[in-house]
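Okay, so here's the structure we're looking at.
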Amino acid sequence: MGALEVAVTGPLLIVPGDHSDALDLSLVLPTYNEVQNINVVIEQLVASLDSVSNLSYEIIVVDDDSPDRTWEKAQELSERFTQVRVVRRQGERGLSTAVLRGWQQARGQIFGVMDSDRQHPAETSCALWTAMTKGSDLAVASRHIKGGGVSHWSIGRRMISRCAQGIGIMVLPEVLIKVRDPMSGYFMIRRSSLEGRELRPLGYKLLVEVLGRGAMGKITEVPYIFRERSGDASKISIVVCWQYLRHLLRLRIDLLKSSQFVRFCMVGASGTLIDTTMLYLLSDPHTLNWGLTRSKIVAAELALTNNFIWNDLWTFGRFAAGQNSFRERFRRFLRFNLICSVGIMFNLILLNIGFNYFHMNRYIANLGAILLVTLWNYNVNRRLSWRTAAKK
Ligand code: GDD
Ligand code: MN
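To convert, count from 1 in the sequence shown and add 8; that's the working numbering.
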């Protein structure tokens, strides 16, 4: 009998590494009190995956120390099916993290997950696999495309499912629109799409996390019909719904924090503060009373230097990694200045028009000008100053 494996602890990170003994596929079956189902699920899954020629795979059952001893049953099955491994997890619970703990122990180049309560048809795994072999980075079994569906859901259940998706789209539009069925718990993903990334899911919806933090190019959906559950009901509870909401918010905040555009805007805000303060100190009639254009040039150059430092270390830090000698930084600084000098020129023109022709307040005119120039600066700098660093 295969030994029970102990779950990995620590961060939920897929560590990049040497996988010279790699298999094609590692499919995780998360289980909690599935002693009635695990047998059939594994038999059907093995039959399906064996029908794919030349596929080397493993099935990893990750059980959260179920009171009905599902892990024991799974261990018995691993005697019959040597490709089955069993992780008995103690001290940690939850569907999404169980799957990730399984993947952390996986040897496959492609990861998969499927429910183990017979609601997901095992045959669909072949279609998912085919999609992966055709170059997808992520293949999702979907209820909401042609050929897919739910068997006999009540209106209420359908509404809850759609509601969850609707809330998700409001909080994380750019993530949820990537697929038609982001609530699916049945999918395959390339190991390389997750390597080196720490995932922080909460509750049931691992796919949302993967869509938000993974690096995927091609995504494919494959239809399936979500079956009725035989025996007792879904383990979804009010706690799971609450976890879903918290998960959405956490992901939203994390994605904003790591968004280059948001960082660029925050740096820009600090630069704007410096620019405005300097403009006041130099040009205001109550202070030095220098000419507007002269003051603005000094103010802008100071703000620009501030922005460059933060962008180089933080906003585009990942691009520039490994090219941080003084010479390389200085070259980037010159290029940045060159690009921004065009921006400063626009800025000066707009400021002068606002102040001299429209008699606007100088600070308001200046803020308006900065806002307009920022978009231009972001795009051009990303492409020219740091993109070249990223390429090398
Ligand atoms: N290890 C572990 N730990 N497994 C769990 C846990 C847990 O805390 N909670 C649930 N599972 C297992 C169940 O045993 C089952 O195999 C699978 O995860 C799905 O749980 P259900 O409780 O049956 O979920 P559901 O039927 O409401 O919803 C499922 O279907 C959706 C539609 O495709 C979920 O899998 C969703 O993720 C899925 O998208
Ligand atoms: Mn279920």
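No residue lacks a Cβ here, since even glycine has one placed at the ideal position from N, Cα and C.
- Message: Just list the residues that DSSP pairs E229 with in beta bridges.
- Response: Residue numbering aside, residue 229 sits at position 221 when the sequence shown is read from its first letter. Note: E229 sits in a beta bridge opposite V148.
- Task: Buried or exposed for E66, please, with buried defined as at least 16 other CB atoms from any protein chain shown within 10 angstroms of its CB.
- Result: As a first step, residue 66 is located in the sequence shown; it is residue number 58 there, counting from the start. With 16 or more Cβ atoms within 10 Å of its Cβ, E66 is classed as buried.
- Message: In whole angstroms, give me the CA-to-CA distance for R326 and Q268.
- Response: Here the question's residue 326 lines up with position 318 in the sequence shown. Here the question's residue 268 lines up with position 260 in the sequence shown. Each residue's alpha carbon lies about 10 Å from the other.
- What do you reckon, is the C-beta of Q127 under 6 Å from a heavy atom of ligand 2? Against the sequence shown, residue 127 aligns to sequence position 119. Yes, Cβ of Q127 sits closer than 6 Å to a heavy atom of ligand 2.
- Message: Could you compute how far the alpha carbon of V183 sits from the alpha carbon of E206?
- Response: Indexing the sequence shown from 1 puts residue 183 at position 175. Indexing the sequence shown from 1 puts residue 206 at position 198. Near 17 Å, if we compare the C-alpha coordinates of E206 and V183.
- Item | Through-space distance from A11 to I244, alpha-carbon basis | To locate residue 244, count along the sequence shown from 1; it is residue 236. To locate residue 11, count along the sequence shown from 1; it is residue 3. Approximately 31 Å between the Cα atoms of the pair.
- State buried or exposed for T17, treating a residue as buried only when at least 16 other CB atoms are found within 10 Å of its CB. Here residue 17 is taken as the residue at index 9 of the sequence shown, counted from 1. Per the 10 Å Cβ criterion, exposed.
- Taking Cβ positions, are G351 and V381 nearer each other than 7 Å? By one-based count along the sequence shown, residue 351 stands at place 343. By one-based count along the sequence shown, residue 381 stands at place 373. A contact, by the Cβ cut-off of 7 Å.
- Specify the secondary structure class of G143 as computed by DSSP and reduced to three states. As a working note, residue 143 is residue 135 in the sequence shown. If DSSP states are grouped into helix, strand and coil, G143 belongs with coil.
- Quick one: grab the DSSP three-state call for Y65. For the purposes of this step, residue 65 is identified with residue 57 of the sequence shown, where counting begins at 1. If DSSP states are grouped into helix, strand and coil, Y65 belongs with the strands.
- Message: Nearer than 6 Å: is that true of the beta carbon of P38 relative to any heavy atom of ligand 1?
- Response: Mapped onto the sequence shown, residue 38 falls at position 30. Checking the Cβ of P38 against ligand 1 gives yes.
- Message: Please report the straight-line C-alpha distance between L214 and R221, rounded to a whole angstrom.
- Response: The sequence position of residue 214 within the sequence shown is 206, counting from 1. The sequence position of residue 221 within the sequence shown is 213, counting from 1. Each residue's alpha carbon lies about 11 Å from the other.
- Item | Of the residues S74, C249, S200, the one placed nearest P24, counting alpha carbons only | Taking the sequence shown and counting its residues from 1, the one referred to as residue 24 is at position 16. Answer by Cα proximity: S200.
- Sorted by chain position, which residues of the same chain lie with C-beta nearer than 7 Å to V98's C-beta, five sequence neighbours on each side aside? Reading the sequence shown from its first residue, position 90 is the one you call residue 98. Val is not the amino acid found at residue 98; the sequence shown has Gln there. Result list for Q98: D73, in chain order.
- Between the CA atoms of I68 and F89 - distance to the nearest angstrom: Looking up residue 89 in the sequence shown gives position 81. Looking up residue 68 in the sequence shown gives position 60. Cα-Cα distance, rounded: 11 Å.
- Task: May I ask you to list the residues that DSSP assigns as paired with P38?
- Result: As a first step, residue 38 must be located in the sequence shown, where it is residue number 30. BP columns for P38 point to V70.
- Heavy atom of ligand 2 less than 6 Å from the Cβ of D72, yes or no? Against the sequence shown, residue 72 aligns to sequence position 64. Checking the Cβ of D72 against ligand 2 gives no.
- If you draw a straight line from the C-alpha of W322 to the C-alpha of R271, how long is it? Within the sequence shown, numbered from 1, the residue matching residue 322 stands at position 314. Within the sequence shown, numbered from 1, the residue matching residue 271 stands at position 263. If I take the Cα positions, the gap works out to 8 Å.
- Nearest-angstrom beta carbon gap, Y194 and D123 [assumed within contact, 8 Å]: Taking the first residue of the sequence shown as 1, we reach residue 123 at position 115. Taking the first residue of the sequence shown as 1, we reach residue 194 at position 186. Yes, D123 and Y194 are in contact; Cβ-Cβ is about 7 Å, under 8 Å.
- Enumerate, from N- to C-terminal direction, the unbroken beta strand (DSSP E) stretches of 3 or more residues contained entirely within the segment 145-201. 146-150, 195-198
- Item | Residues near K81 in its chain [Cβ-Cβ closer than 8 Å; skip 5 each side] | Position 73 of the sequence shown, counting from 1, holds the residue named residue 81. Cβ within range, chain order: V43, I46, N47.
- Under 7 Å, do A203 and V148 count as touching if we go by C-beta distance? For the purposes of this step, residue 203 is taken as residue 195 along the sequence shown, with counting starting at 1. For the purposes of this step, residue 148 is taken as residue 140 along the sequence shown, with counting starting at 1. A small correction: the amino acid at residue 203 is Glu; Ala does not occupy that position in the sequence shown. Not a contact, by the Cβ cut-off of 7 Å.
- Starting from I118, follow the beta strand (DSSP E) in both directions and report where the run begins and ends. Against the sequence shown, residue 118 aligns to sequence position 110. Segment 116-121, the beta strand (DSSP E) holding I118.
- Could you please give me the residues that DSSP links to I22 through a beta bridge? By 1-based counting over the sequence shown, the position of residue 22 is 14. Paired residues: E203.
- Message: Would S162 and G156 be called neighbours here (beta carbons separated by less than 7 Å)?
- Response: Taking the first residue of the sequence shown as 1, we reach residue 162 at position 154. Taking the first residue of the sequence shown as 1, we reach residue 156 at position 148. In this structure, G156 does not lie closer than 7 Å to S162 by Cβ.
- Message: Give me the residue from F324, V14, R340, S303 with the minimum Cα distance to W79.
- Response: Here residue 79 refers to the residue found at position 71 when the sequence shown is read from its first residue. When each option's Cα is compared against that of W79, the closest is V14.
- C-alpha gap between I227 and W137, whole angstroms: Taking the first residue of the sequence shown as 1, we reach residue 227 at position 219. Taking the first residue of the sequence shown as 1, we reach residue 137 at position 129. Their backbone Cα atoms lie some 13 Å apart in a straight line.
- Which residue comes first and which comes last in the alpha helix (DSSP H) that contains R339? As a first step, residue 339 is located in the sequence shown; it is residue number 331 there, counting from the start. Taken as a continuous stretch (DSSP letters only), the alpha helix (DSSP H) holding R339 covers 334-360.
- Message: Is D123 close to ligand 3? I mean its beta-carbon at under 6 Å from any heavy atom of the ligand.
- Response: Absence of ligand 3 is noted for the structure shown, with ligand 1 and ligand 2 being the only ligands found.
- If you draw a straight line from the alpha carbon of D58 to that of N387, how long is it in whole angstroms? By one-based count along the sequence shown, residue 58 stands at place 50. By one-based count along the sequence shown, residue 387 stands at place 379. If you take the alpha carbons of D58 and N387, they lie about 50 Å apart.
- Message: Measuring alpha carbon to alpha carbon, tell me which residue in G299, L296, A135, F316 is nearest W394.
- Response: The residue given as residue 394 occupies position 386 in the sequence shown. When only C-alpha atoms are compared, the closest one is F316.
- Message: Pairs of beta-carbons, one from the segment 112-127 and one from the segment 169-187, closer than 8 Å: are there three or more?
- Response: no
- Query: Buried or exposed: E87, going by 16 or more other Cβ atoms within 10 Å of its Cβ?
  - Reply: On the sequence shown, residue 87 is found 79 positions in, with the first residue counted as 1. Exposed: under 16 other Cβ atoms inside 10 Å.
- Message: Can you determine whether any heavy atom of ligand 1 sits closer than 6 Å to the C-beta of A130, and answer yes or no?
- Response: On the sequence shown, residue 130 is found 122 positions in, with the first residue counted as 1. Not under cutoff, so the answer is no.
- Which class does V14 belong to by DSSP, given the choice of helix, strand or coil? Reading the sequence shown from its first residue, position 6 is the one you call residue 14. V14: strand per DSSP, three-state reduction.
- Task: Can you tell me which of G120, V107, A55, L63 puts its alpha carbon nearest to the alpha carbon of G35?
- Result: Here residue 35 is taken as the residue at index 27 of the sequence shown, counted from 1. The sequence shown places Leu at residue 35, not Gly. Checked all of G120, V107, A55, L63; the closest Cα to L35 is G120.
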